[in-house]
Amino acid sequence: MLFKYNSDILNGPIKPATVFYLTQGPDSLKDRPELASFRLTIQQLLATGAFKGEYLEKLPLYFPENDNWLIMIGLGDYEKIIPHRLHEAGAAAVNALNSLNLKEGFICSPLLPKFTATQALELVVHGARLGAESRYNYKTNADEPVNTLKTVTFWNPEHLSFIAKPKVIISRAQIAAEAQLQARRLADLPANYLDPVAFVEVASTVAQRNKLQMNVWDESQIEAEGAGGLLAVGQGSDRPPRMVSLEYPGTVRGSKTVALVGKGVTFDSGGLCLKPGEGMGQMKTDMSGAAVVLAVMDAVTSLKVTNRVVGVMALAENMPSHKAYRPGDVISTLSGQTVEIVNTDAEGRLLLADGLTLAQRFQADYIIDVATLTGACLVALGEKCAGLFSDNEFLRNGLQRSGQLVGENFWPMPLLSEYEEDLKSELADFKQAATRSGGAIMAALFLKRFVKPNVGWAHLDIAGTARRSRKSPFGPEGGSGFGVSTILKFLCSI
Ligand code: BES
Ligand code: ZN
Ligand code: ZN
Numbered sequence: 008m009l010f011k012y013n014s015d016i017l018n019g020p021i022k023p024a025t026v027f028y029l030t031q032g033p034d035s036l037k038d039r040p041e042l043a044s045f046r047l048t049i050q051q052l053l054a055t056g057a058f059k060g061e062y063l064e065k066l067p068l069y070f071p072e073n074d075n076w077l078i079m080i081g082l083g084d085y086e087k088i089i090p091h092r093l094h095e096a097g098a099a100a101v102n103a104l105n106s107l108n109l110k111e112g113f114i115c116s117p118l119l120p121k122f123t124a125t126q127a128l129e130l131v132v133h134g135a136r137l138g139a140e141s142r143y144n145y146k147t148n149a150d151e152p153v154n155t156l157k158t159v160t161f162w163n164p165e166h167l168s169f170i171a172k173p174k175v176i177i178s179r180a181q182i183a184a185e186a187q188l189q190a191r192r193l194a195d196l197p198a199n200y201l202d203p204v205a206f207v208e209v210a211s212t213v214a215q216r217n218k219l220q221m222n223v224w225d226e227s228q229i230e231a232e233g234a235g236g237l238l239a240v241g242q243g244s245d246r247p248p249r250m251v252s253l254e255y256p257g258t259v260r261g262s263k264t265v266a267l268v269g270k271g272v273t274f275d276s277g278g279l280c281l282k283p284g285e286g287m288g289q290m291k292t293d294m295s296g297a298a299v300v301l302a303v304m305d306a307v308t309s310l311k312v313t314n315r316v317v318g319v320m321a322l323a324e325n326m327p328s329h330k331a332y333r334p335g336d337v338i339s340t341l342s343g344q345t346v347e348i349v350n351t352d353a354e355g356r357l358l359l360a361d362g363l364t365l366a367q368r369f370q371a372d373y374i375i376d377v378a379t380l381t382g383a384c385l386v387a388l389g390e391k392c393a394g395l396f397s398d399n400e401f402l403r404n405g406l407q408r409s410g411q412l413v414g415e416n417f418w419p420m421p422l423l424s425e426y427e428e429d430l431k432s433e434l435a436d437f438k439q440a441a442t443r444s445g446g447a448i449m450a451a452l453f454l455k456r457f458v459k460p461n462v463g464w465a466h467l468d469i470a471g472t473a474r475r476s477r478k479s480p481f482g483p484e485g486g487s488g489f490g491v492s493t494i495l496k497f498l499c500s501i
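So, in structure tokens, the structure goes:
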């Protein structure tokens, strides 16, 4: 998909098709000189109720005299316009152009009171790129419609507002969206296509493309190093585990090191504590955290991030078998701490524990882990909000704020020390899990034990947000790539 920018002052729809956004309400046509040449038409549509400007309402109009399309897309009440809505509006524009079977189209970036023209352009471009992606399928008869759109030109009515370096904004939005899509594609891959070894292959293409330093532990190295958490989770499967690290040096010497740690369970059957069959297929997305980390690592070079960034991905398949780890086992982690296994379905925290220990060997100033960690987080915050656990104010505020800017919600959750005693064990240094209640907090408290107090640490539980269960302008249900944009925004802001 080629995205361009047109800086001419334009008046009216351009051939072959132009998308204009319109908010709902009496002022929707105020200060819209770019709509001047067809103001009467729109006024009539609004008066008759043929078009109301409701959120994602769509109306394509054909003008035979000019042989072009004017596509109106509603943004709804302007008070309710949040970044996520502008992503969806961008995607809706691309979907509309595609449904007219066009190869090329124009999108007039919206001017809104709550956003700078630059912000709006960035969000719409990002959403447009997400909307342009059609999901891969494995059907032998490919009778699905093909997306025709190849080129989109954005423009904003510059007589009203000025965007410095629009091409840079467009290219940055495209890089971020591309990374998000990469995470989404990985999450959507069936587990028989993407096992830990296949994931490593993807990681090495990312490393080569960006000239990142890469290190991989295979199962024997994992054992030799003493990463018993990752080893235990992976031992029930014939598809062996891997620990991967990627290192991006940063553009400024002596800058901070941020380490990202991702949960990469390529399939989570629950192990011997087998999950129920219903919905188990969705557990192919249990590597979404690692996918987010990999996608971010793929984008930091092009975005010229100043800080050093390290990506650690702990990869395993959690399967039941005669070789599988058991409840009651005691394992020794890479940190040296021992853990009593309670439930083989609480596998994520075990491999993350080893990932967190490895991340600290890179002298990380900050560590952010990303994981589809607990069903409890999904229950607590739903599908549109991730849990953010951090005692570090800089990380907590920075990540939440970055999320707000890119349309991803993160809600701060407490690392309540009162619950810590529930992890006490008679047998080992501590237990892997305790009660079901407060499950997301318990998991976070477990992870905390693997991070030294002098390191700034944040834990992102994306169990609810990594997968969309409903169709949206971004496509059918499936992986979302949630987290990539926030982390990239955060890395670019520090
Ligand atoms: N991968 C799951 C968490 C999950 C659930 C992610 C739903 C996405 C959607 C995780 O490994 C898990 O099973 N956690 C258990 C922990 C419990 C056994 C302590 C859970 O949340 O039930
Ligand atoms: Zn599990
Ligand atoms: Zn899991």
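Under the numbering used here, residues 8 to 501 are what the sequence shown spells out, in order.
Glycine included, each C-beta is placed from N, C-alpha and C at the ideal position.
Computed from a predicted structure; not experimentally measured.
Quick one: give me the first and last residue of the beta strand (DSSP E) that residue i is part of.
i	result
Lys270	264–275
Asp468	463–468
Glu129	Looking at the DSSP string, Glu129 is not in any beta strand (DSSP E); the run it does join, the alpha helix (DSSP H), is 124–138.
Phe417	417–420
Val223	220–224
Ser252	249–255
Ala205	No beta strand (DSSP E) holds Ala205; the alpha helix (DSSP H) holding it covers 203–217.
Leu9	9–12
Please name the residue or residues paired with residue i in a DSSP beta bridge.
i	result
Ile114	Val26, Phe161
Glu324	Phe274
Phe437	Val346
Pro67	Ile78
Val337	Glu347
Ala198	Looking at the DSSP assignment, Ala198 forms no beta bridge with any residue, so it has no partner.
Ile49	Answer is none; Ile49 lacks a bridge partner.
Ala371	Beta-bridge pairing links Ala371 to no other residue.
Ser141	According to DSSP, Ser141 bridges with nothing at all.
Ala376	The question names Ala, but residue 376 is Asp in the sequence shown. Beta-bridge pairing links Asp376 to Val268, His466.
How many Å lie between residue i and residue j at the Cα?
i	j	result
Pro247	Met287	21 Å
Val307	Leu219	10 Å
Val26	Thr258	39 Å
Lys174	Glu428	54 Å
Gln411	Pro90	7 Å
Phe489	Ile374	18 Å
Glu415	Asn163	25 Å
Ala190	Val303	9 Å
Arg233	Ala139	For the sequence presented, residue 233 should be read as Gly rather than Arg. Cα to Cα, the separation comes out at about 45 Å.
Lys157	Arg192	20 Å
Gly284	Asn404	39 Å
Ala266	Glu347	27 Å
Phe453	Phe369	21 Å
Ala353	Ala231	24 Å
Leu430	Lys87	43 Å
Gly32	Gly97	21 Å
Asp195	Gly355	19 Å
Val413	Arg249	32 Å
Gly243	Asn461	35 Å
Ser211	Leu201	14 Å
Asn314	Gly261	8 Å
Pro480	Leu365	39 Å
Within the continuous alpha helix (DSSP H) that includes residue i, where are the two ends?
i	result
Met449	446–455
Asp305	295–307
Asn102	90–106
Gly394	Where Gly394 is concerned, there is no enclosing alpha helix (DSSP H), although the beta strand (DSSP E) it sits in stretches over 393–396.
Val175	173–195
Val413	400–413
His385	Inspection of the sequence shows that residue 385 is occupied by Leu rather than by His. That run of the alpha helix (DSSP H) goes 382–388.
Tyr494	One point to set straight first is that residue 494 is Ile, not Tyr, in the sequence displayed. Segment 491–500, the alpha helix (DSSP H) holding Ile494.
Ala57	Ala57 -> no alpha helix (DSSP H), and no H or E assigned at all.
Ala239	235–241
Please name the residue in the options whose C-alpha comes closest to that of residue i.
i	options	result
Asp225	Asn314, Gly277, Met320	Met320
Tyr255	Arg216, Leu156, Tyr145, Leu380	Arg216
Leu359	Thr381, Lys110, Asp372	Thr381
Leu385	Phe417, Arg46, Gly463	Phe417
Gly502	Trp76, Arg92, Asn75	With the chain covering only 8 through 501, there is no way to say anything about residue 502.
Lys263	Ser500, Ile21, Leu9, Asp436	Ser500
Asp34	Leu119, Lys438, Ala100	Leu119
Asp305	Asn399, Ala184, Thr125, Asp361	Ala184
Leu388	Ser342, Ile448, Leu363, Gln439	Ile448
Can you give me the Cβ contacts of residue i inside the same chain, cut-off strictly under 8 Å, excluding the 5 residues immediately before and after it?
i	result
Phe58	Leu29, Ile49, Leu52, Glu64, Leu66, Met79, Gly81
Val207	Val223, Arg249, Val251, Leu322
Can you list, in chain order, the residues of its chain with a C-beta nearer than 6 Å to that of residue i? Leave out the 5 residues immediately preceding and following it.
i	result
Ser476	Glu484
Ala198	Thr273, Phe274, Lys291
Lys11	Thr160
Whose C-beta lies closer than 7 Å to the C-beta of residue i among residues of the same chain, with five residues either side of it excluded?
i	result
Gly134	Leu93, His94, Glu95, Ala96, Gly97, Ala98
Ser409	Thr493, Lys496, Phe497, Ser500
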